[in-house]
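Have a look at the structure below, then the notes.
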Amino acid sequence: MPKILAVIDPEHTEHLALTRIKELPTEGFEFQIEFFMPKNFSAQDATGFTKEMGEISRTLNMLVKPLIHLGYNIETQIMLFDRLYEAIIERAAACKADYVFKPLRHHGAVSRSLFTPTDWNLVRMCPCPTLFISQQPSVNKLPVLASVDVANNDKDHKELNEIVINQSKVIASLINADVHLANAYDMMTGAIGGPMPDPAAYQMVQNNRAEHSKDAGAMAKAHDIPDTQVHLSEGPADRVINKFAEKLGAGIIVVGTVARSGIAGLFIGNTAESLIENADCDVFVVKPSSFESPVAGKSTTSSIDPKAHT
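FYI, numbering that gives the first Met the number 0 numbers position 254 of the sequence shown as 253, with every residue one higher than the one before it.
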């Protein structure tokens with residue numbers, strides 16, 4: 000039975016994770032769901048916060064009660080934390096979650112230059128497939144857009160493409176939707192720039208486009224995705240994928256990441272991070288099976304059993 004860790008933000012009145020959970024079928028599928036309400040604290044106010052546990056616990060139980068009545072298998076957990084992304088990853092490991100659901104938060108350029116957003120840290124370090132939930136009221140029957148990279152033939156990227164497509168098909172089956180395949184490939188503007196592009200360079204670009212189209216078509220065929228649901232375009236992957244998602248009215252984008260960190264992550268960047276900052280729909284991020292989180296195993300959080308405070 001798949002387990003979902005759904006993050007509830009006590010600072011917000013709109014709980015997006017609840018919205019998506021309600022769209023999961025209660026018949027034909029079985030899910031175990033843990034609603035996780037984190038609360039920030041410092042050493043000096045931790046004692047004072049503990050006195051508020053009864054009220055917070057009642058609020059959490061009130062939020063999930065309608066879902067329990069609908070037939071969902073739900074547990075609740077409240078956790079004090081220092082760094083939110085660490086608390087989410089540690090809780091996911093502790094409860095053996097298969098997926099994490101978290102509200103998607105957009106950040107301005109200034110705030111991103113001052114600190115790394117929680118969502119970015121989860122993209123980089125959370126080992127579980129993570130659904131970043133947008134403000135869309137519903138994703139039911141809306142296309143699922145699988146973002147693949149057909150240009151890279153190394154083992155990790157091949158595996159990642161398979162994971163992206165397979166997870167897209169699972170999601171589509173849950174929300175009664177079709178899977179579309181999207182691929183962005185590098186532009187060669189330098190080769191064809193100017194009013195009279197070099198014919199040889201122009202032909203190179205055409206060959207590049209044809210090769211990507213052939214590879215994407217073969218990938219789609221191998222997964223029973225119709226040619227009419229394959230989309231390719233030149234340009235940066237984050238912009239191209241979001242553009243296709245907007246054009247199709249997609250409910251969810253599924254994207255894989257190799258989770259670059261350190262100098263590589265700083266200068267090369269990460270497509271998934273850029274994509275979620277500009278996405279208007281949900282984004283589901285997956286990683287290779289070999290990925291290991293640097294956070295797992297730490298103990299910087301304190302969990303509290305809500306039942307003890309009801």
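The beta carbon of each residue, even a glycine, is placed where N, CA and C say it ideally should be.
To which residues of the same chain is residue i closer than 7 Å at the C-beta, ignoring the five residues directly before and after it?
i, result
"Ile262", "Residue confidence is low: Ile262 scores 39 on pLDDT, short of 50, so the model does not pin down where it sits. Its coordinate-derived value is still stated next. Closer than 7 Å at Cβ, skipping near neighbours: no residue."
"Ala271", "Val122, Val254, Thr256, Val284"
"Ala176", "Lys140, Leu141, Pro142, Val143, Gly250"
"Leu265", "A caution first: Leu265 carries a pLDDT of 37, below 50, which makes its placement in the model too unreliable to give a value."
Going by beta carbon distance, what residues of the same chain come within less than 8 Å of residue i, once the five residues before and after it are set aside?
i, result
"His68", "none"
"His211", "Val149, Ala150, Asn182, Tyr184, Leu231"
"Pro225", "Ala219"
"Lys95", "Lys2"
"Leu66", "Leu17, Ile20, Lys21, Ile32, Ile73"
"His11", "Pro102"
If you measure between the beta carbons of residue i and residue j, is that distance less than 7 Å?
i, j, result
"Ser133", "Ile240", "no"
"Ala183", "Gly234", "yes"
"Glu74", "Glu33", "yes"
"Leu83", "Pro287", "no"
"Tyr98", "Cys127", "yes"
"Val138", "Ile174", "yes"
"Ala5", "Phe100", "yes"
"Pro102", "Leu15", "yes"
"Asp118", "Arg104", "yes"
"Ile88", "Ser273", "no"
"Gln135", "Cys280", "yes"
"Gly53", "Thr25", "no"
Could you check where the beta strand (DSSP E) with residue i kicks off and where it finishes?
i, result
"Phe28", "Counting along the chain, Phe28 falls outside any beta strand (DSSP E), and DSSP gives it neither H nor E."
"Leu79", "72-80"
"Thr129", "129-132"
"Glu233", "229-233"
"Met281", "Inspection of the sequence shows that residue 281 is occupied by Asp rather than by Met. 281-285 is the span of the beta strand (DSSP E), which, as asked, contains Asp281."
"Phe100", "98-102"
"Val143", "143-147"
Give every residue of the same chain whose Cβ lies closer than 6 Å to the Cβ of residue i, excluding the five residues on either side of it in the sequence, and list them in chain order.
i, result
"Glu13", "none"
"Gln31", "Met0, Lys2, Asn72"
"Ser289", "none"
"Ile164", "Ala145, His222"
"Ala244", "Leu144, Ile252, Cys280"
I need the boundaries of the alpha helix (DSSP H) containing residue i, first residue and last residue.
i, result
"Ile55", "52-69"
"Ala92", "83-93"
"His156", "154-174"
"Asn269", "Note, Asn269: premise wrong, no alpha helix (DSSP H); not H, not E."
Give the C-beta separation of residue i and residue j to the nearest angstrom, bearing in mind that I take them to be a contact with Cβ-Cβ under 8 Å.
i, j, result
"Asn277", "Asp237", "7 Å"
"Phe131", "Val282", "5 Å"
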